[in-house]
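Enquirer: For what it's worth, the working numbering labels the leading residue of the sequence shown as 136, then goes sequentially.
First, the structure itself, so that you have it in front of you.
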Amino acid sequence: MEKACSKQYLLHHLLRLLFYLLIFIPNTSKALANPRPSNNSAPAVIVFGDSTVDPGNNNYVKTVFKANFAPYGKDFANHVPTGRFSNGRLTPDFIASYIGIKESIPPYLDPTLSIKELMTGVSFASAGSGFDPLTPRVSNVIDIPKQLEYFKEYKRRLESAIGRKKTENHINKALFIVSAGTNDFVINYFTLPIRRKTYSVSGYQQFILQTATQFLQDLFEQGARRILFTALPPMGCLPVVITLFSNQAISERGCLDYFSSVGRQFNQLLQNELNLMQIRLANQGVRIYLTDAYSALTGMIQGQGRSAFDEVSRGCCGTGYLEASLLCNPKSFLCPDASKYVFWDSIHPTEQAYSNVFKSIRPIIDAIIRG
């Protein structure tokens, strides 16, 4: 009995060590069958955030947080590993396809993008990023202020092509998507000791909230008027969180409600702030919506809805307990059908899960893009 407990203890800490090593390694498609909205007036989709919305910007950054190799992209068009942290498309890709702009959102840092591609939208997001300035420094990725600087550069490129007035009108009508914050809590606050020495959980929530709302204000000042902000997911249900923080990480794979509750609390605080911002800026044509990824993922994990999943507590790649980025590679074992899994790797959802999230927020999309 003692030997069994000792082995489980050692395995648990070995898994945690591997996760830390991943963080600190030196820096060296299917079209939707859904009908499209008839009243879309959004000419572009513009995206900021982290790996949930990064289509490959990290391919052009010296960081270990990359996904431009197999088996990532296994179910993307032509089976190409684009840099998306999934087996296929992400939620912004489904949104762009649904509103009839294009089938997928490209990374802004791709040097081959045409002016047409730029016009219809790009993503500035970077896997591993967050609102806390410390978070992107952990893995040397593109921080949120730099993403905003790239957006300003993007605007200048459009102005050179179509003029300032048309660019301003284009930006005003574009659909903006912001998805970040999970890394701030999972990789930064809960895993590293630095922020916990300075902030309580509630204090850190307020710090991230202030940074996030300031970013939204910056977007508004740059012309954004239609903004979708993604809520935090049930963080205690992420396979990597269960592996790192559960006392019985192998034998008991249930969600850890403490971590999810931190996300729920933050989402409510964020919703309150967005409501205030909406009231304050409504007379300037602003529409801001919080998209409830928390409920969507929770529903999938709890087996709600018509598309039930066979596996909800580990990823399709490898053991599914810890693998992400370099640990999910061409030599990794894969599940036979990723569409039966909520998670592709230990952190990121599958294409099917992202599709379900999109479907859950489609009424909000219809409301925000109406003419």
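C-beta atoms are modelled at their ideal positions from N, C-alpha and C, and glycine is treated no differently.
Using the rule of at least 16 other Cβ atoms within 10 Å of the residue's Cβ for burial, across every protein chain shown, is residue 282 buried or exposed?
Expert: With 16 or more other Cβ atoms within 10 Å, it is buried.
Enquirer: Threshold first: 3 residues or longer. Then list the beta strand (DSSP E) segments lying entirely within the region 401 to 464, N to C.
Expert: Counting whole runs of 3 or more residues, the region 401 to 464 contains the beta strand (DSSP E) stretches 422 to 426.
Enquirer: Considering Cα atoms alone, identify which of 328, 364 and 360 is closest to residue 344.
Expert: With distances taken between Cα atoms, residue 344 lies closest to 364.
Enquirer: Report yes if the C-beta distance between residue 198 and residue 263 is below 8 Å; otherwise report no.
Expert: Cβ atoms of residue 198 and residue 263: closer than 8 Å.
Enquirer: Answer yes if the region 464 to 480 comes into contact with the region 352 to 368, meaning at least three C-beta pairs across the two stretches below 8 Å, and no otherwise.
Expert: Segments in contact, no.
Enquirer: Quick check on DSSP: helix, strand or coil for residue 380?
Expert: Looking at residue 380 - three-state DSSP - the assignment turns out to be helix.
Enquirer: To the nearest whole angstrom, what separates the beta carbons of residue 401 and residue 340, a pair I think is in contact under 8 Å?
Expert: So it is a contact: roughly 5 Å between Cβ atoms.
Enquirer: Around the C-beta of residue 179, are 16 or more other C-beta atoms found within 10 angstroms, so that it is buried, or is it exposed?
Expert: It is buried - the Cβ of residue 179 has at least 16 other Cβ atoms within 10 Å.
Enquirer: Cα separation between residue 461 and residue 430?
Expert: Those two C-alpha atoms are separated by around 30 Å.
Enquirer: So, with DSSP's three-state summary, where would you put residue 492?
Expert: In the structure shown, residue 492 sits in a helix (DSSP, three-state: H, G or I).
Enquirer: What residues are listed by DSSP as bridge partners for residue 175?
Expert: Beta-bridge pairing links residue 175 to 505.
Enquirer: State whether the region 421 to 429 contacts the region 399 to 413, with contact taken as three or more CB pairs (one from each stretch) at a distance under 8 Å.
Expert: Result yes; three or more Cβ-Cβ pairs closer than 8 Å.
Enquirer: Just tell me which of 216, 212 and 210 has its CA closest to the CA of residue 202.
Expert: Closest by alpha carbon: 216.
Enquirer: Residue 210 and residue 473: beta carbons closer than 8 Å?
Expert: Yes; because the gap between Cβ atoms is below 8 Å, this pair is in contact.
Enquirer: Pull up the CB-CB distance for residue 219 and residue 208, whole angstroms please, since I reckon it's below 8 Å.
Expert: Indeed they touch by this definition, with Cβ atoms about 6 Å apart.
Enquirer: Quick one: what does DSSP say residue 469 is sitting in, helix, strand or coil?
Expert: In this structure, residue 469 counts as strand in the three-state DSSP scheme.
Enquirer: Roughly how many angstroms lie between the CA atoms of residue 291 and residue 300, to the nearest whole one?
Expert: Spanning the two alpha carbons is a distance of roughly 12 Å.
Enquirer: Quick one: what's residue 365 bridged to in DSSP?
Expert: The partner list for residue 365 (beta bridge, DSSP) reads 426.
Enquirer: Would you list the one or two residues that DSSP bridges to residue 476?
Expert: Answer is 446, bridged to residue 476.
Enquirer: Counting C-beta neighbours from all protein chains within 10 Å, is the total for residue 191 16 or more, i.e. buried, or is it exposed?
Expert: So residue 191 counts as buried.
Enquirer: Have a look at residue 322 and residue 404 and give me their C-alpha separation to the nearest angstrom.
Expert: Each residue's alpha carbon lies about 21 Å from the other.
Enquirer: Look at the alpha carbon of residue 484 and the alpha carbon of residue 491, and state the distance between them as a whole number of angstroms.
Expert: If I take the Cα positions, the gap works out to 10 Å.
Enquirer: Where does residue 204 sit, in a helix, a strand or coil, going by DSSP?
Expert: Coil.
Enquirer: Would DSSP call residue 221 helix, strand or coil?
Expert: In the structure shown, residue 221 sits in coil (DSSP, three-state: anything other than H, G, I, E or B).
Enquirer: Under a three-way DSSP split, which group does residue 398 fall into?
Expert: Residue 398: helix per DSSP, three-state reduction.
Enquirer: Of the choices 296, 280 and 498, whose alpha-carbon is the least far from that of residue 348?
Expert: Among 296, 280 and 498, the Cα nearest to that of residue 348 is on 280.
Enquirer: Take the Cβ of residue 374 as the centre, count every other Cβ of all protein chains shown within 10 Å, and call the residue buried at 16 or more, exposed below.
Expert: Buried.
Enquirer: Could you name each continuous alpha helix (DSSP H) segment of 4 residues or more that falls completely within the region 263 to 339, going from the start of the chain to the end?
Expert: The qualifying runs are 269 to 274, 279 to 297, 299 to 308 and 329 to 333.
Enquirer: Under a Cβ-count criterion, where at least 16 other Cβ atoms within 10 Å of its own Cβ denotes burial, should residue 168 be classed as buried or exposed?
Expert: Residue placement at residue 168 cannot be trusted, given a pLDDT of 44 that sits under 50; what the coordinates show is reported in the next sentence. Exposed.
Enquirer: Between the Cα of residue 246 and those of 271, 196 and 233, spot the shortest distance and give me the residue it belongs to.
Expert: It is 196.
Enquirer: Report yes if the CB atom of residue 101 is closer than 8 Å to the CB atom of residue 391, and no otherwise.
Expert: There is no way to answer for residue 101, as the model of the chain reaches only from 136 to 506.
Enquirer: With DSSP run on the structure shown, which of helix, strand or coil describes residue 350?
Expert: Residue state, collapsed to three classes: helix.
Enquirer: Rounding to the nearest angstrom, what Cα-Cα distance links residue 448 and residue 250 in this structure?
Expert: Going by the C-alpha atoms only, they are around 42 Å apart.
Enquirer: Is it buried or exposed, residue 438, if we count other Cβ atoms within 10 angstroms and call 16 or more buried?
Expert: The residue in question, residue 438, is exposed, as its Cβ has fewer than 16 Cβ neighbours within 10 Å.
Enquirer: So, for residue 253: in the same chain, excluding its five sequence neighbours on each side, which residues have a beta-carbon less than 7 Å away from its beta-carbon?
Expert: So the qualifying residues of the chain are 289, 292 and 293.
Enquirer: So, with DSSP's three-state summary, where would you put residue 257?
Expert: In this structure, residue 257 counts as coil in the three-state DSSP scheme.
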